[in-house]
Each structure stands twice: as structure tokens, then as C-alpha cells.
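Asker: Attaching a single structure in C-alpha cells format; questions to follow.
Here it is in C-alpha cells:
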């Protein structure tokens, strides 16, 4: 024991301190929470004695895909201005390593979805910390930790809020036991979304054919459909004028005049609401085209100010000019990116023009960036608080493993809890809930997990038939279905695929295959994590070699289910647990993309409805 | 005054890119900072484009006005151990104007465990001096300097404290903390105290009279102007704007909290709303009497109790029991398990507790600077073992509010320190608390900040 460990040793005791030092931990994410978690882990000496003397492994592994941005520096304190654009994982390692020379950090600039991070990789850790910013990666790590049976400490922050959840297979709820709110909190066709996910792609997005394709939905009148096709066709025609001097004027008059006039003509819509006022380019413009573009260029620098309608026209013209030039000089597709100033200028000015038409308050570009770019407020202190609680939970989980196996400590995960920051309360800095036991019907944590070893990660020439035979023999299945990420590939009535090679379905080294019993008295699902092997073993191999699956719990009558549910529900120690953080500050890039995609689809699918929704949830003009 | 204790360690202000010092709001004349605003223009918000880009994610939370107040703040931080390290980091990242650190203790090997701004090669150097270059590196726009030795600070009067927007003292005994608190109070500087002991920690706040804004959704019941608790009152309510169609209105509520100094808080009873409820009393963590007992123990024996000494355990238990009684807590809440655990942790520094207590204190300071959000009133307890974080108002009307302010030196912390007769003090306090809302406006105004 070094003298630098005195505090830890005194407080945790020698036994737990030794356990901390010998543990091997994985940190997924080196952003706001990640930097703070890493600092705590390094200073506490996590992993400083991991592995044996002969096979010393780095005690802390940190994985992050991101690079450093200026806006990170107000809270991600391991990074400096000189580190901008460098990989977060590497710089985090470099800075934090200086805090404690006895700790060895292994940094990966990679995606956690990469095939190298398979179940066997996860199995080498004693604890996993999630410090992520998106739902998809959180769910993936949750699943990997269940498959590898490694405790997971999940966390998230938004503004002053934060939360931490300890997850242990068969002991607590998993991340997916409670359905996460679907990312539809953005009202579709809000004006910002209209500008970012409809107008911009229509002009600078994917192929014309695709973007002009208007999906037919039930209830659309033939007239309405014809009009929509006409509108899309018109925009397509306008698009062809890109590069000509009248392009901006044509686009402007098309979307802010003609389309608006068409809407205005549907008088029944405007009986209880103010009808939109169309704008005309000629009526608003001040000066020559060159002057307008120059004016717009200057205005675009002033992103804190709320521009006037004339200003918006200037920025719109300027950004359209810039984007057209980019498009004509080889950029095939220009998509919205909050950090691509040209696209932001376009979206901000277009959104404001449309807002003006519908008499909705205008916003500064800086404000629109937050709405259109899904920027979540983030501060140093919430991250520090949340990360500190993550490490506290880590101590508890390690301690629970020191006690007798199956004892009280293990059942309560050493006193770990669900913790929420509670910044606005006059009575509490944090609120907690006892960890609830796993949900019996959770599709993610109720199945039995096993491994399927595949030669070279794809099973060589092995066919689906061979997998089916293997499962019949080793698990004792009769009627069952097999599902992969691609969907159902086999069930008692679907035998078409049996002769196909398994590698058609399993392409990653870290995928999951779900096997569900279709018999009358069904057994629980079996989830196989695929693992590559390159040895001389069989092409397909189950691990463990044979599996005894328990039966699914019997469905109870609704009344009983309620009673049961109540019994196993989390007993909140404090009723007023914040609900705003339930999505744990989820989503950024990945989800933003998903959201944009889904919005786009819905915009396409529901254009007969006239949505005019302010981002604040204000005016809502549904056709029906 | 500053020069008197600077003993040559005051560092020249770093000028990262040669810009002229930015004159801040003016109340703090001689501490000038530099804002790293390069050559870019100041925007309509009063912040430079560089500042907006760097502080983007926090501006989206607390706005430009609060950020400008944060930018003009000069903070005095007394003691730079694990807790001070976290506070220095958080406040520097937030973009205050200047941070003056007082800690001339030599760096020890034990310090390396949780004080990540010092390294092995710094062992023996004064803590503040060793850490300052690394703190400065976090945010070159913030002026970080050493304020000299603690002994010199304790010899200062209020004129020394006047330039500081906020004074934070950590990991000291009650006498030292109270002396700093009292002198800062005469200079009308808000004061925070905090300490950690292994898994446990506390934050104390004396913000004199603090006015702050809370933005919230307007409820159906109109917000009443007037007192909410013995210390807090609603000053004004402004409807912000109606969100069209949703029927929701945001309102900005200006509130005011009145504080008392540490020495008075340490002998103040729990609020009557807690004392009158047995359930609430039972929920008061035993950490509270233990922290009070520890201050007594330190004062009497000039040391921390040793967990391995049974006589220390007996002495400490006796003190803790007396404190529990003083607080009118049911004695069964003071469990032997907890006492043992607390003694085991006394004096230890562990990184996550430092991060929590230091993080929460910094958040409070930042909000106080920005005059937004409810601050701690006035004692927050953190228990990383039981994962609890309660806040209690241990308040008695300070002498100013009681009409003694005219005495000038009337606030005698030495006199109060001797007074442990709680029943007697409690009576005075109770009477004072009742009278506070009707206290002459002039008396309260005298200690209003700014």
C-alpha cells in the first residue's frame, strides 16, 4: 500500500481497497461524465494491481469514438484548446495518467459497436461504466453486460439533472426493463424540423426522384394528392435552376409565397386561426442581389440577434448562394449539421421566414441551433456529481462481491441504489430509489444468455440447418423460432432459409441471435452472443455445451399481475423522483440522425396534414 | 492589503494572447482579470464570440446575464486539499474572473491520492503554488493566484475580504472557519464552508441576504408575495410569456433568503417543522450531530478521534449523544454502526466524495453568482455510504436582523462559541425567528449584497 492510498485505505478498509486495485474496469465514453469518472477511477487506483505479475493487463480501458470540440472544454476538464480535433480517448488517457502513475490506461478511439468488443471482451472486466450520450449505445452495452454477466453502472446528465443506475443480471432491473420514451418528443413538422428535414433535403439532399416521392396514406383525397405531387414537382423544377441568378428568388417565392397561398386558399382551416401571410421576394428585398448576399454574410455572423424579416431574406439568399456553390462544385449531398454553418444559416433563416408567415415568434440563430441540433445544456458540476455517484456505486458493487456468495450484500448489490440529482430541492441534494428486481417479462434480461462460437466469426460453410440441429440436440428444442437483427430467419413454418449459409445472417463478431420456444409450454428465450474463433474446433459450437432452459413464468390474471407488480416495483424513498431525466439525457448524434430520418419519413407520409407547430408546442394545425 | 500577505507569490496575470485586461463591473477595484476574447467583437449579449463558443453548453442553461456575473466574480478559496481541488476545477471551468487560493502547507505524499493538480515532484512545495499552473491551464481566461499563508489571512480585517464576491473555506476547524466567516460577513462577502471525511461531507452557506430568481411554470394557485419559511420570502413575481396555444405560462419568481453565520448555525435548532414531526426527526441523519461533535472534539482535544482508540470512541460518543440531544433527535437514531463508520472515515479524503461535495458547492456558488436558483439554506449533509444528501436550515436570526447591527462589532463569535446552553439560546432564537419578518427594513437592507 502506497502512502498516496491512505485516504482510500482508511475509508474503504484494506479488503475493499485491494479489491478496487485488483479490479479491471471498462469506461465507455470519455465525454462529460467520462472525464470525471476516469479521474475518480485513476485517483482511487482502480485496476492498478489488475492481472497477475506475469500477465499484466491495463486496469482501465476507455473507449470513445469522438474527437474534441471547443464546446467540450467548459466541462471535459481533461481536454485543452490545443487538443481540439484529437480523439477524446487518447487525450483523456494522456491527461489522467499523470494523476496516478501506478494506473495503466488502455485507450481506444473506436465505436463500442465494433466487432472486437464482443462478449468475451466484456467478460474480462469486473465493472463497466457507461458514460454515453445516446440511447442505442446504452442499450447495446446493457445487452453486452447481461451476456457477459458483468455489473454495469449506467449514467446520464441534462443541465442540472443527472442520474445513476446500477445494473446486475438477475439482481436488478436492466436498462431495458422499463421502456424508454420513444424519441418523438419533437412535434413533427415543427418549423425548425420543416426547414432542416424537408426543405434542405429537398434542395440539397438525395436524388430528386426519391425526395419527390410522396407516400400515399389512407384518407388522402385524390385532389389533395394531385396537388402535393404538383408541389413536389414544382420544387424539383426550381431545383434545376440552381446556379442561375434567379434561383434564390424562385425558391423563396415557391415556398414562402405559392405554397402559402395554396394553404391560405383552404379557407375552412383558417376559421379559428389567423391565416398565413405569404411573402414575396420582390416586396421584401432591399438592394441588388450582390448587396443582399453581402448583407446576409454580415448578418450570419450575428447569431445572437433576432433578425428582422428582411434580414432573414438576406441570410436565406446568402446561404442559398453558398450552398448552391458547394453543390455545383461537387458536393453531391448536403445534409444538416449544426456545426456546418452554411446549413445552419439556411435552416435558421428559412425557419424564421416561415414562422413570420404563421405569426410565430422569431428566434436568434443561436437559439435555433439548439432546437435544430438537439443540443443539450451541459455543465461541469452535474457531470462531476453524477460521475462521483457512479464510482460510489462501483465501490458498493465490488463490496457486494466480497461477501458470501448469494448473501444479503449480493442481493442488495451492496446497498447500491438508483440515484437522481435534485438541484432545485430545498431539502435534498439527491433522491434515491431502491433498485428494483428484474422484470420477469423483460425481453432483454429475462432470456438465458449463452455463446455461439463461429469459426472466423461467420461459421465457415455452416448452414442455418446446422444451427437448428445443434439447438435441437443441445437445448432440447422442439418447435422454435430464430431471430437475428435482420428479423425472423427460422420458425416451424419458415424453412426456406435452412440451406443458406449462416454467414448470410451473422456478419458481425458481436451480434445476437434470439431463439424462442414456440411450444405450448414455452421455455424462456435463449440469446446467443456470437463470438469468432479461429481454432481447430467445430465450425459451430455452443457455450456452455448444453443448456437447460427454465419454463417461462405462467401468465397471471390481470388482478394478480397488478398485485405482483406492485410488490416488486421499486419503492421510491421519495415520491418526487425527477421524471425529466428518465431518458438520462439520452441522444445526440446517432439519435439526432434517427430522429431526422423518421421525421423525414413522416413528413413524406403525412403531407396531407398541414402541420404548423411551433417548437414550443404552440399552433397545431392538423387537417383532421 | 493584498500586498501585505502576498509574500511574493502573487503571480502576474497570465496574458495568453496579449489582450488588455477587461475591466469588470467595478466593485472589485484592484483585482483585474483578463478575458481571453482575442480580437473578436463583443456581441449584443456582452460576451465575446469566443466566450459564446467556449461556454455554449452552459450559456444554454443559465444565459448570458448570469455568465457575465460569473465572469466578473473574484473568489477566495481557503485550503486546497481534495475538496479545494474540485472547487478550483469547477469554478475555473465555469469562467470566473479570478481565483485566489490560500494554502501554504507543503504537499505530502498522502495528498497525491486525490489532489490531482499536484504530482510527486511537488512534494514539499506549498500546495497552492504547486497546483496553480495546472489549474490555470484549465482555462487561461481565469486569473489564478496564490493569496499567501493562512496565518496572514487570519490576521486580516474586512478590507481584505471586500474585493471578493465569495469566500470558500474548506477542511478547517470551527474556530478558523468562523473567524473567516465573520470577517467576510463584515465585508458583506458570501461565505461557504465545507469538509469531507471519507464517505461523509458537509456544505455550509452564509450568503447574508441573497436574492435570486427562479423560473418555473405558473401553477393554478397564484404565487403569494411574502414569507415562505422563517428564512425565505417571495419578493416579486413576473409572468414571463405565454406560450401560445399550450395554456402554460412561465413565471419568474424573485426570492430572498436570510442567512446566519456558521457560529450561530452550529448552535441553532432544527426548524420547527421538523422538530414537531417525529417521523421527520427520525429521518435526520446521525451525521449532523456527529459533525457538531467532531468540531467540539477538535476544539477540546486539538485532534481528530482515532477509530482504533476505545477511549476516543467513548469520548466521541458522549459528545455525539449530547449533540443529538441538543438537536432534539431521538437517541436511537445515533446507531453504534454509524458512529464507528463515521470515526473510521474522519480525516480521510476519497476522490468521489470530494467530487460530490466540491461539485455541489461549486454549483451553488455559480448559481449564487448568477443570482439564479435556490441556494443551500444552510447546511447540506452528504453520505456516500448510505447515498443520502439532506439539506437542513439550522438558522437563528443573526445580530443584524435582531437590531444589533448598529453596534458594528456587536457580532462576537468568541462569545457565542462559549455558549453551548442550547435551551437558553433556543429561546432567544425562537423569539428572533418570529420577529424576523417584521424586522425593520433598514436593518435587512444594511446587509443586502451589492
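Protein chains in written order, with the numbering used here: chain X, 107 to 730; chain G, 2 to 451.
Glycine residues also receive a C-beta, built at the ideal position from the N, C-alpha and C atoms.
Along the region 313-345 of chain G, what residues have a CB closer than 8 Å to any CB found in chain X?
Answerer: Residues 345.
Asker: Identify the continuous alpha helix (DSSP H) that holds residue 359(X) and give its terminal residues.
Answerer: Unbroken alpha helix (DSSP H) run through residue 359(X): 353-359.
Asker: What does the alpha-carbon distance come out to for the pair residue 131(X) and residue 394(G)?
Answerer: So the alpha carbons of these two residues sit roughly 40 Å apart.
Asker: Where does residue 439(G) sit, in a helix, a strand or coil, going by DSSP?
Answerer: Any reading at residue 439(G) needs caution, since the residue's pLDDT is 34, under 50, leaving its predicted position unreliable; the model's value is listed next. Three-state DSSP puts residue 439(G) in a helix.
Asker: Exposed or buried, residue 197(X), counting other C-beta atoms within 10 Å across all chains shown (16 or more means buried)?
Answerer: Label assigned to residue 197(X): buried.
Asker: Listing by chain order, which chain G residues have their CB less than 8 Å from the CB of residue 536(X)?
Answerer: Here the neighbours are 388, 389, 390.
Asker: Could you say which of 474(X), 278(X), 528(X) lies nearest to residue 391(G) if we only look at CA atoms?
Answerer: Here the closest residue by C-alpha is 528(X).
Asker: Could you check if residue 133(G) is buried or exposed, using at least 16 other CB atoms within 10 Å of its CB as the buried criterion?
Answerer: It counts as buried.
Asker: Might you give, ordered along the chain, the residues of its own chain that have their beta carbon closer than 8 Å to the beta carbon of residue 543(X), omitting 5 neighbours on each side?
Answerer: Excluding sequence neighbours, residue 543(X) sits near 277, 278, 279, 674.
Asker: Taking the straight line between their C-alpha atoms, what separation do you get for residue 114(X) and residue 84(G)?
Answerer: Cα to Cα, residue 114(X) sits roughly 15 Å from residue 84(G).
Asker: Hey, residue 488(X) and residue 205(X): beta-carbon distance below 8 Å or not?
Answerer: The answer is no: Cβ separation not under 8 Å.
Asker: Using the C-alpha atoms, what's the distance from residue 433(X) back to residue 256(X)?
Answerer: Spanning the two alpha carbons is a distance of roughly 49 Å.
Asker: Report the partner residues of residue 524(X) according to the DSSP bridge assignment.
Answerer: Residue 524(X) pairs with 539(X).
Asker: Considering Cα atoms alone, identify which of 481(X), 306(X), 504(X) is closest to residue 118(X).
Answerer: Answer by Cα proximity: 504(X).
Asker: What's the gap between the Cα of residue 622(X) and the Cα of residue 195(X)?
Answerer: About 39 Å.
Asker: Rounded to whole angstroms, what is the Cα-Cα separation between residue 651(X) and residue 170(X)?
Answerer: Taking the straight line joining both Cα atoms gives about 35 Å.
Asker: Whole angstroms are fine: how far does the CA of residue 228(G) sit from the CA of residue 112(G)?
Answerer: Cα-Cα distance, rounded: 46 Å.
Asker: Taking residue 357(X) as the reference, give the member of 309(X), 378(X), 403(X), 658(X) with the closest Cα.
Answerer: Comparing Cα-Cα distances from residue 357(X) to each of 309(X), 378(X), 403(X), 658(X), the minimum goes to 309(X).
Asker: Go ahead and pull the three-state DSSP assignment for residue 590(X).
Answerer: In this structure, residue 590(X) counts as strand in the three-state DSSP scheme.
Asker: Against residue 395(G), what residues of chain X qualify as contacts under a CB-to-CB distance less than 9 Å, listed in chain order?
Answerer: The premise fails here: residue 395(G) is roughly 13 Å from chain X at the closest Cβ pair, so nothing lies under 9 Å.
Asker: What residues in its chain sit with their C-beta under 7 Å from that of residue 339(G), if we drop five residues either side in the sequence?
Answerer: Once the five neighbours on either side are set aside, the close Cβ partners of residue 339(G) are 287.
Asker: Between residue 238(X) and residue 55(G), what straight-line distance do the alpha-carbon atoms span, to the nearest angstrom?
Answerer: Rounded to whole angstroms, residue 238(X) to residue 55(G) spans 21 Å at the Cα level.
Asker: By Cβ distance below 6 Å, which residues in the same chain neighbour residue 135(G) in space, the five residues on each side in sequence not counted?
Answerer: 118, listed in sequence order.
Asker: Could you have a look at residue 416(G) and say whether DSSP puts it in helix, strand or coil?
Answerer: Its pLDDT being 43, under 50, residue 416(G) is placed unreliably in this model, and the value from its coordinates should be taken loosely. Helix.
Asker: Report the option in 167(G), 58(G), 253(G) whose CA atom is closest to the CA atom of residue 226(G).
Answerer: Closest by alpha carbon: 253(G).
Asker: Check whether chain G comes within 8 Å of residue 269(X), counting only Cβ atoms and requiring the distance to be less than that.
Answerer: No, because no Cβ of chain G sits closer than 8 Å to the Cβ of residue 269(X).
Asker: Beta carbons nearer than 7 Å to chain G: which residues of the region 197-214 of chain X have them?
Answerer: Correct list: 204, 205.
Asker: Less than 8 Å between CB atoms is the rule here; does residue 493(X) satisfy it with respect to chain G?
Answerer: It does; some Cβ of chain G falls within 8 Å.
Asker: Looking at C-beta atoms only, is the number of pairs between the region 261-270 of chain G and the region 357-364 of chain G that lie closer than 8 Å three or more?
Answerer: Because the criterion of three Cβ pairs below 8 Å is not met, the region 261-270 of chain G and the region 357-364 of chain G do not touch.
Asker: Take residue 238(G) as the anchor and find which of 261(G), 232(G), 213(G), 141(G) has the nearest alpha-carbon.
Answerer: Nearest C-alpha to residue 238(G): 213(G).
Asker: Just to confirm the assignment: which complete alpha helix (DSSP H) runs, minimum length 4, are found wholly within the region 559-641 of chain X?
Answerer: The region 559-641 of chain X contains these whole alpha helix (DSSP H) runs: 570-581.
Asker: My guess is that residue 194(G) and residue 263(G) are in contact by the Cβ rule of under 8 Å, so how many angstroms apart are they, rounded?
Answerer: That pair is a contact at about 6 Å.
Asker: On the DSSP letters alone, give me the boundaries of the alpha helix (DSSP H) that residue 162(G) sits inside.
Answerer: 159-162 is the span of the alpha helix (DSSP H), which, as asked, contains residue 162(G).
Asker: With 8 Å as the threshold, decide whether the Cβ of residue 122(X) is near any Cβ in chain G.
Answerer: With 8 Å as the cut-off, residue 122(X) does not count as an interface residue toward chain G.
Asker: Less than 8 Å between CB atoms is the rule here; does residue 55(G) satisfy it with respect to chain X?
Answerer: Answer yes: the Cβ-Cβ gap between residue 55(G) and chain X drops below 8 Å somewhere.
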